[in-house]
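Undergrad:
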Amino acid sequence: MALKTTPTDAPATTPAPPKTGGDLRRFFNQHDNIVQLVAITALVFVVMAALSPDKFLRYYNFESISFIFPELGLLSIAIMLAMLTGGIDLSIVGVANLAAVLAGTLFHHLAPGASAGLGLGSALLGIGLALVVGLVAGALNGFLIARLKITPILATLGTSQVFTGLALVLTGGPALVGFPASWTFIGNGKLFGVAFPFILFAVLAAAIGFVLSRTAFGTRLMLIGTNAKAAVFAGLDTDRIVFQSYVLTGLLASIAGLILSGRTNAAKSDYGNSYLLQAVLVAVLGGTNPAGGRGSVLGVSIAVLALMLLSSGFQILRFSNFLIDFIWGGFLLLVIAINVARNRKRLG
Amino acid sequence: MSLLRRPETIVALVLLAAMLGIGFVNPAFWSLDNQFGLLKSNVITGIMALGVLLVMISGGIDVSFPAFAAAAMYLTVHGMVQTGYTGVAIPFVVATLIGLALGAFNAFCIRAFRMIPLIVTLGTASVVRGLLLGLVGTSVININKMPPQLIEFGRTDMIDITHTDGTRFGLTAMILVYGALALGVHLVLRYTMIGRSLYAYGGSPESASRVGFDTRKTLLFAYCTAGALAGFAGLLHASLIWLANPRDFVGFELDVIAAVVLGGASIFGGRGSVVGTLLGVFLLIMIKNSLILMHIDTTWQQVVVGAIIVCSTALTAWRDRKRVG
Amino acid sequence: MTDGLIELRHVGKRFAGIRALDDVSLTVRRGEIHCLAGENGSGKSTIIKVMSGVYQPDEGDILIDDASVKRMTPAESVGRGIQVIYQDLSLFGNLSVAENLAMNRYLKEGRRAVRWGETRQIARAALDRLGVELDLAADVESLPTSARQIVAIARALQAEARLIIMDEPTTALTRNEVERLLDITRTIQRDGIAVLFVSHKMREMLEISERLTVMRNGKVVVQGPIGDFTEASITRHMTGHDLSHETYRRPAVTETVPPRVAVEGLTVPGAVAGVDLTLRPGDIIGLSGLIGSGRTELALALFGMRPDHGGTIRIDGKEARLRTVGDAIRHGIAYVPEDRLSEGLFLTQSVSRNMLASSLDAVTRGFTVDRARAATVSDGMIDAMQIATRSGETPVGFLSGGNQQRVVIARWLLTQARVLILNGPTVGVDVGSKAEIHRIIRDLATERGLAVLMISDDVPELLQHCNAILLMHRGRIVQRFEGGTATEDSMGAALKALR
Chain A
87 MALKTTPTDA PATTPAPPKT GGDLRRFFNQ HDNIVQLVAI TALVFVVMAA
137 LSPDKFLRYY NFESISFIFP ELGLLSIAIM LAMLTGGIDL SIVGVANLAA
187 VLAGTLFHHL APGASAGLGL GSALLGIGLA LVVGLVAGAL NGFLIARLKI
237 TPILATLGTS QVFTGLALVL TGGPALVGFP ASWTFIGNGK LFGVAFPFIL
287 FAVLAAAIGF VLSRTAFGTR LMLIGTNAKA AVFAGLDTDR IVFQSYVLTG
337 LLASIAGLIL SGRTNAAKSD YGNSYLLQAV LVAVLGGTNP AGGRGSVLGV
387 SIAVLALMLL SSGFQILRFS NFLIDFIWGG FLLLVIAINV ARNRKRLG
Chain P
7 MSLLRRPETI VALVLLAAML GIGFVNPAFW SLDNQFGLLK SNVITGIMAL
57 GVLLVMISGG IDVSFPAFAA AAMYLTVHGM VQTGYTGVAI PFVVATLIGL
107 ALGAFNAFCI RAFRMIPLIV TLGTASVVRG LLLGLVGTSV ININKMPPQL
157 IEFGRTDMID ITHTDGTRFG LTAMILVYGA LALGVHLVLR YTMIGRSLYA
207 YGGSPESASR VGFDTRKTLL FAYCTAGALA GFAGLLHASL IWLANPRDFV
257 GFELDVIAAV VLGGASIFGG RGSVVGTLLG VFLLIMIKNS LILMHIDTTW
307 QQVVVGAIIV CSTALTAWRD RKRVG
Chain V
845 MTDGLIELRH VGKRFAGIRA LDDVSLTVRR GEIHCLAGEN GSGKSTIIKV
895 MSGVYQPDEG DILIDDASVK RMTPAESVGR GIQVIYQDLS LFGNLSVAEN
945 LAMNRYLKEG RRAVRWGETR QIARAALDRL GVELDLAADV ESLPTSARQI
995 VAIARALQAE ARLIIMDEPT TALTRNEVER LLDITRTIQR DGIAVLFVSH
1045 KMREMLEISE RLTVMRNGKV VVQGPIGDFT EASITRHMTG HDLSHETYRR
1095 PAVTETVPPR VAVEGLTVPG AVAGVDLTLR PGDIIGLSGL IGSGRTELAL
1145 ALFGMRPDHG GTIRIDGKEA RLRTVGDAIR HGIAYVPEDR LSEGLFLTQS
1195 VSRNMLASSL DAVTRGFTVD RARAATVSDG MIDAMQIATR SGETPVGFLS
1245 GGNQQRVVIA RWLLTQARVL ILNGPTVGVD VGSKAEIHRI IRDLATERGL
1295 AVLMISDDVP ELLQHCNAIL LMHRGRIVQR FEGGTATEDS MGAALKALR
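Residue numbers (our numbering), protein chains in the order written: chain A, 87 to 434; chain P, 7 to 331; chain V, 845 to 1343.
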């Protein structure tokens, strides 16, 4: 009756099958979220193209999407970064607007009444200022969350009010208009025939994707999001890494603000309020786990594209903008429901 | 817990200090019409805060109630205008029921999808607002079209005072409605099993179902009540400002959640009280409304509110860490 | 008519093809104190869940009062007077003692309203029944663990319990508190209520139980009156083997080499009151003592997690300041935490990432993680540690407890650790893996010259695999046993003497 204690029979609890083979299947298993998203996107595309081929499939339609989606895309990636550690950043829209407003205020100081005529140098100065706003705002969030240990939801709820409020104080309410030409290029320009915002988004998304999947920082971020306590026991400097992730979030938000104000040639304290919800939605849709530890730039990018196709399609079909809000919300609930159903099936 | 360490006591002390401070800068703060005005501005935020309190005690969060309030209010007023109905009681019942039904939808999604409430309620808020604006309409029903009975109801005062110069001001009777609802919620939380189940579920969902609570009922109660209170408050708001705007209440969730957190409720669930919430709402509204009295530009309002949230949560976090460490 | 309260007859239960229970027959008699012993994973918790109606058995019968129960549900179980006190106690920390105690009654009676005066009366009566006094108005989370346990027991009694099942009740208790728990158990028994202790620590149970059932690998190995057993025989039944005789001996080292770790006068406020400790290469030093003796805090101080510690720590002869975990890792110190799941592992992440968590810098070239190198390193470790996994990319949560523990140890080998602190290295690990983990630890000490500090409650484990065992009590080391000379009896007696 005595069990043998020879070491050889020990690892027999889980048989180890050969390591080779099934690469494609493994890819689908690991990235099933992305596969599902691509399928949804393709479906949206086909349905829209079938319903209104002449308008939907026009080059102009895709071009206008390529101008509009980058700001939301960047905000979604920003909120995904916060979600990776199980947090959230409700202040991204506030940061975006504050960055743009502060830059706008600077331009008005440099050339009162004629800020639209400012040169490249001033525009660069403004860009620098906007980015600094993003860094400082992100650092404030990071400090509150990583150091003072305030729940992210509440900390960023508070700072979003502060950022939006400061932008309101600076503008006094109405929108700031008249940005230098080189500034509006960020939102409206074309490089090699491609929308500049799109290029900016592609570069930044690739960079963040690279940081997350290929650097030690990205891996550590995922580990902290999976189990913050174990991360401490593994010797990860969790406070510093969480802090840095919020700084990065703030920086991305400020760049989104740059694009938004460049595109509209204006800055206001309450622009793009609905972006917060949409960014959360896109992040979750893109496979980000709001509890932390899972999420990818690729998923979020596809999700934002899918939703953009969807809304542009509905716009072409002359649905009101408000119904599009409804569709976004419905889409979020639907995807959550699908994920629940799939997980049940997998377990059962 | 001793009286001094209760969060309510701390909020009350802060409130008192703030009142003394504002009153010191500008004694007009203490004037009756300012105080009456303050109380009036408490009503809508306060009623919604009561609902959010229930949700937060259960360990959740709700950001959809402003959308529900707008929907309940606009649908009801719209219906009254269309049908020419002139009563007051039934519209309030209808608005409350609309909110309740929407709250039930929240509870269903949270329970069925096991998704964190923040995300679910963001989604339902978007759905409801989109449907309202897209299908029902976007035009504001202004004072010309508003049912006069509703306006009359909103103007009911319980105290009427005439200034020596002939201008009149009063204390709105709606404060009684608010008080009654607060008392009701307090009694439910303190003296009923469903109320206690909220605390139990917020403290430990698993234990709650192990000891035999019907946790589905608990969740349903929390989100339905939050929805119902929001629906009721929505219509009340329209009758107080004499117009029904389907875009109303945007961003309201921030103030209300901030007020509830200020009042000592824990975002992790299991803690919170009506008294604390009343104080938190009053503190927040008072500071927002008193900026003019303090000779500060009103554009600073949001900054001040944000700073209050950050400071109070930082203090709470610091206190909790000290207790653990 | 027997005097059986609940009886399992030939019960079997499978999960995903694995037999959790295999032809288990077990009777708990009315008013008896019965102990169900077995290692983690032996099937004890499955039995609890079958008795409480959480799981339905695949085969066999459940009888209550000699009548077969067709379908055992949680409600049925509670209705028949069976109450389980889980390890986490399932209390509401944010509610008062009184409310925790009265809640069951209210729920059972389907009440809608709460009367606070009555709540206090119910609570007072419940505590009186156990002969204890507690502040009824205090929040449960403000109470020490032992008091919480009393609240849990009192609450179970409120539900007109006839059988109280206690899952590992003594784990977090000090010796005095265990005594109190045993007293309370006797009080309960006088009321004719049966108690089923479920535990893998049989020492306290021997003092109080009347009958004992030992489980191993889902089967009942042996059952009988407590008088038929000795501690050694229970261990043998639980583990399925006698203690092997090959006690660990440290390989000879030259005394001129400075010790790996030399600790002098180490203090941690409120936990450790001056400890001297020397670990040489090849040492496996055991550290035992009751929960709360300061042993975990001592380990955490060495691992840089108690920056408030005092005294001097020398690593390889040089004084080291260990203020952060990073400091400790740089000095070659590794710590395998007590609670593997919550402190050791990133369950949804891959085996490879789990292993490399602490040595990412070593596989980073420039800005990026060198994937090929990371794969080589982790695959090498998987082979070296004989970790049974599909690949390095499998989430670590899919592995068995023993393999998971190897992943955690492997993580530290990759940091070039020279000092390995293990806290409960084989808790929750099946018998086969346990032996393998012991072998790995011994190899690390003899072949790689690591100095090992092994914290454990498992006396046979310590005796067999340590060349010396330290006994800690109230923040001090009170006794040292040299390997080979100590016996289970001498250590058991010493542990028992700690009051």
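Beta carbons are placed, not taken as given, at the ideal position from N, Cα and C, and that holds for glycine.
(1) Which residues does DSSP pair with residue 1106(V) in a beta bridge?
(2) Might you give, ordered along the chain, the residues of its own chain that have their beta carbon closer than 8 angstroms to the beta carbon of residue 155(P), omitting 5 neighbours on each side?
(3) Checking contacts by CB at 8 angstroms: is residue 899(V) closer than that to chain A?
(4) Expressed to the nearest angstrom, what Euclidean distance is found between the alpha-carbon atoms of residue 256(P) and residue 203(P)?
(5) In terms of residues, what are the limits of the alpha helix (DSSP H) holding residue 232(P)?
(6) For chain V, check one thing: does any of its Cβ atoms lie closer than 8 angstroms to the Cβ of residue 383(A)?
(7) According to DSSP, simplified to helix, strand and coil, what is residue 108(A)?
(8) Give the interface partners of residue 934(V) over in chain P, defined as CB-CB distance under 8 angstroms, in chain order.
(9) Looking at chain A, is there any beta carbon in it that lies within less than 8 angstroms of the beta carbon of residue 305(P)?
(10) Considering only C-alpha positions, which residue in the set 54(P), 27(P), 132(P) is nearest to residue 236(P)?
(11) Nearest CA to the CA of residue 314(P): which residue from 258(A), 282(A), 243(A)?
(12) Please confirm if residue 423(A) has its CB atom under 8 angstroms from at least one CB of chain P.
(13) Anyone know if the C-beta pair for residue 1026(V) and residue 879(V) falls short of 8 angstroms?
(14) Compute the Euclidean distance between the alpha carbons of residue 109(P) and residue 250(P), then round it to the nearest angstrom.
(15) Does residue 318(A) have its Cβ less than 8 angstroms from a Cβ in chain V?
(16) By DSSP, does residue 301(P) sit in helix, in strand, or in coil?
(17) How long is the line joining the alpha carbons of residue 229(A) and residue 241(A), rounded to whole angstroms?
(18) Taking Cβ positions only, does residue 411(A) come closer than 8 angstroms to chain C?
(19) Counting only the same chain and skipping the five closest in sequence on each side, list residues whose C-beta sits under 6 angstroms from that of residue 908(V).
(20) Residue ranges of each alpha helix (DSSP H) run of no fewer than 4 residues wholly in the stretch 287–367 of chain A, ordered along the chain?
(21) Could you tell me the boundaries of the alpha helix (DSSP H) in which residue 88(P) lies?
(22) Quick one, which residues of the stretch 950–982 of chain V are near chain P if we go by CB-CB under 9 angstroms, in chain order?
(23) Below 8 angstroms, how does it come out for the stretch 1075–1085 of chain V and the stretch 895–908 of chain V: are there three or more Cβ pairs, yes or no?
(24) Name the residues in the stretch 114–126 of chain P whose C-beta lies less than 8 angstroms from a C-beta of chain A; which are they?
(25) State whether the stretch 156–173 of chain A contacts the stretch 303–313 of chain A, with contact taken as three or more CB pairs (one from each stretch) at a distance under 8 angstroms.
(26) Taking three-plus beta-carbon pairs below 8 angstroms as touching, is the stretch 285–298 of chain A in contact with the stretch 174–189 of chain A?
(27) So, for residue 1036(V): in the same chain, excluding its five sequence neighbours on each side, which residues have a beta-carbon less than 6 angstroms away from its beta-carbon?
(28) Would residue 1131(V) pass as a contact of residue 1299(V) if the rule is Cβ separation under 8 angstroms?
(29) Under 8 angstroms between C-beta atoms, does residue 1154(V) make it to chain P?
(30) Extract the residue ranges of the alpha helix (DSSP H) inside the stretch 995–1046 of chain V, only unbroken runs of 4 or more that lie entirely within it.
(31) Just reading off the beta strand (DSSP E) that residue 849(V) is part of, what are its end residues?
(32) For residue 115(P), name the three-state secondary structure that DSSP assigns.
(33) Kindly confirm or deny that the stretch 1147–1163 of chain V and the stretch 1232–1242 of chain V touch, where touching means at least three C-beta pairs closer than 8 angstroms.
(34) Taking only the alpha-carbon atoms, compute the straight-line gap between residue 407(A) and residue 139(P) and give it to the nearest angstrom.
(35) Residue 244(P): which of 148(P), 74(P), 310(P) sits nearest, CA to CA?
(36) Using a Cβ-Cβ cut-off of 6 angstroms (strictly less than) and excluding sequence neighbours within five positions of residue 194(P), which residues of its own chain qualify?
TA: On the basis of the coordinates in this document:
(1) Residue pairing by DSSP puts residue 1106(V) in a beta bridge opposite 1122(V), 1158(V).
(2) Within its own chain, the residues whose Cβ lies closer than 8 angstroms to the Cβ of residue 155(P), once the five positions on either side in sequence are excluded, are 92, 93, 94, listed in chain order.
(3) no
(4) 31 angstroms
(5) 221–247
(6) Cβ-Cβ to chain V under 8 angstroms: no for residue 383(A).
(7) Model confidence at residue 108(A) stands at a pLDDT of 47, short of 50, so the residue's coordinates are unreliable and nothing is read from them.
(8) 210, 212, 213, 216, 217
(9) yes
(10) 54(P)
(11) 243(A)
(12) Interface residue (Cβ-Cβ distance to chain P less than 8 angstroms): residue 423(A) is classified as such.
(13) no
(14) Going by the C-alpha atoms only, they are around 21 angstroms apart.
(15) yes
(16) coil
(17) 10 angstroms
(18) Although the question refers to chain C, the structure presented lacks it and instead comprises the protein chains A, P and V.
(19) 850, 924
(20) Listed in chain order, they are 302–312, 314–319, 324–350.
(21) Looking at the DSSP string, the run of the alpha helix (DSSP H) that includes residue 88(P) is 71–89.
(22) 950, 951, 952, 954, 955, 956, 957, 958, 959, 960, 981, 982
(23) no
(24) 115, 118, 119, 120, 121, 122, 124, 125, 126
(25) Segments in contact, yes.
(26) no
(27) Excluding positions up to five away in sequence, the list reads 875.
(28) yes
(29) no
(30) List check, alpha helix (DSSP H) in window: 1019–1034.
(31) Unbroken beta strand (DSSP E) run through residue 849(V): 848–859.
(32) helix
(33) no
(34) Rounded to the nearest whole angstrom, the C-alpha separation of residue 407(A) and residue 139(P) is 9 angstroms.
(35) 148(P)
(36) 201
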